[in-house]
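Numbering (the UniProt record's numbering), first residue to last: 1 to 242.
Where a beta carbon is used, it is the ideal one built from N, C-alpha and C, also for glycine.
Please read all numbers here as calculations on a predicted model, not as lab measurements.
Note sheet for the following structure.
Dropping the structure here:
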């Protein structure tokens with residue numbers, strides 16, 4: 001895979017086509033919105049979906065840990081689909097996750113779906129994490145007062161025109177002050193970057209990096225001030241499935 005280099009606040013970062021971000025200077029890997037145990041959450045409420053989301057999500061994470069060998073692993077919130085998700089993990093998946101975390105500094109940024117630290121798993125749980133000039137939080141804060149921000153929550157996706165018609169993919173969304181990461185979970189949907197909650201973070205536009213199989217596809221995004229102004233209620237949640 002070919003990652004895309006990006007600079008934020010003077011720091012060199014790398015956006016990976018798998019939907020994760022690597023900060024080489026800190027040997028830090030950031031991943032957002034795994035929503036582990038979403039399938040079991042639905043099943044308990046009578047919505048039966050294949051119970052393999054946690055297994056698939058962790059299987060997708062494993063090669064990235066081998067590729068980047070991060071010393072610090074930052075989960076940007078909604079790592080579990082609900083506060084009891086960690087306790088519901090099957091033994092095999094729990095063992096896989098603990099092995100992935102072993103020997104690394106782990107930070108769990110708390111999200112709206114997982115407002116409590118994950119049960120019986122290593123790492124520190126925080127509302128937000130500040131390292132050097134960068135701040136890691138679950139949900140972005142509009143305006144320059146947010147600092148140089150990396151966040152998730154909205155599961156951004158974008159559409160790009162091609163010779164075969166429009167293609168819609170999960171994406172990173174960036175500007176000079178922030179990076180919005182795509183969701184990493186197997187059972188997560190997306191919210192278009194043209195929707196008001198995302199536009200509120202990028203009123204002047206920016207650049208979207210759509211996820212491809214081996215590379216990212218970059219696309220300029222024009223000003224979205226008119227969409228940002230439409231945000232008159234609480235930020236929308238991404239759709240359940242793409």
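Residue i by DSSP, collapsed to three states: which one?
{"i": "residue 97", "result": "helix"}
{"i": "residue 38", "result": "helix"}
{"i": "residue 248", "result": "Summary: the structure shown does not reach residue 248, with the chain confined to residues 1 through 242, and so no result is reported for it."}
{"i": "residue 54", "result": "helix"}
{"i": "residue 32", "result": "coil"}
{"i": "residue 125", "result": "strand"}
{"i": "residue 79", "result": "coil"}
{"i": "residue 215", "result": "coil"}
{"i": "residue 66", "result": "helix"}
{"i": "residue 20", "result": "coil"}
Check whether the Cβ atoms of residue i and residue j lie closer than 9 Å to each other.
{"i": "residue 123", "j": "residue 106", "result": "yes"}
{"i": "residue 169", "j": "residue 211", "result": "yes"}
{"i": "residue 13", "j": "residue 141", "result": "no"}
{"i": "residue 205", "j": "residue 223", "result": "yes"}
{"i": "residue 73", "j": "residue 29", "result": "yes"}
{"i": "residue 82", "j": "residue 127", "result": "no"}
Check each candidate in the options and name the one with the smallest Cα separation from residue i.
{"i": "residue 86", "options": "72, 117, 5 and 66", "result": "117"}
{"i": "residue 113", "options": "29, 188, 207 and 204", "result": "188"}
{"i": "residue 111", "options": "219, 218 and 34", "result": "34"}
{"i": "residue 131", "options": "93, 147, 158 and 82", "result": "147"}
{"i": "residue 19", "options": "191, 177, 32 and 27", "result": "32"}
Excluding the 5 residues preceding and the 5 following residue i in the sequence, name in chain order all residues of the same chain whose CB lies nearer than 6 Å to its CB.
{"i": "residue 1", "result": "17 and 214"}
{"i": "residue 24", "result": "none"}
{"i": "residue 228", "result": "Low local confidence applies: a pLDDT of 49 at residue 228 is under 50, so the model's placement there is unreliable, with the coordinate-based value given in what follows. Excluding positions up to five away in sequence, the list reads 199, 200 and 203."}
Could you name the residues of the same chain whose beta carbon sits closer than 7 Å to that of residue i, not counting the 5 residues immediately before and after it, in chain order?
{"i": "residue 240", "result": "Any reading at residue 240 needs caution, since the residue's pLDDT is 39, under 50, leaving its predicted position unreliable; the model's value is listed next. Answer for residue 240: 189, listed in chain order."}
| query | Do the region 102 to 111 and the region 57 to 64 make contact, defined as three or more Cβ pairs closer than 8 Å? | reply | no
| field | contact_flag[the region 72 to 87, the region 146 to 154] where n(CB pairs < 8 Å) is 3 or more | value | yes
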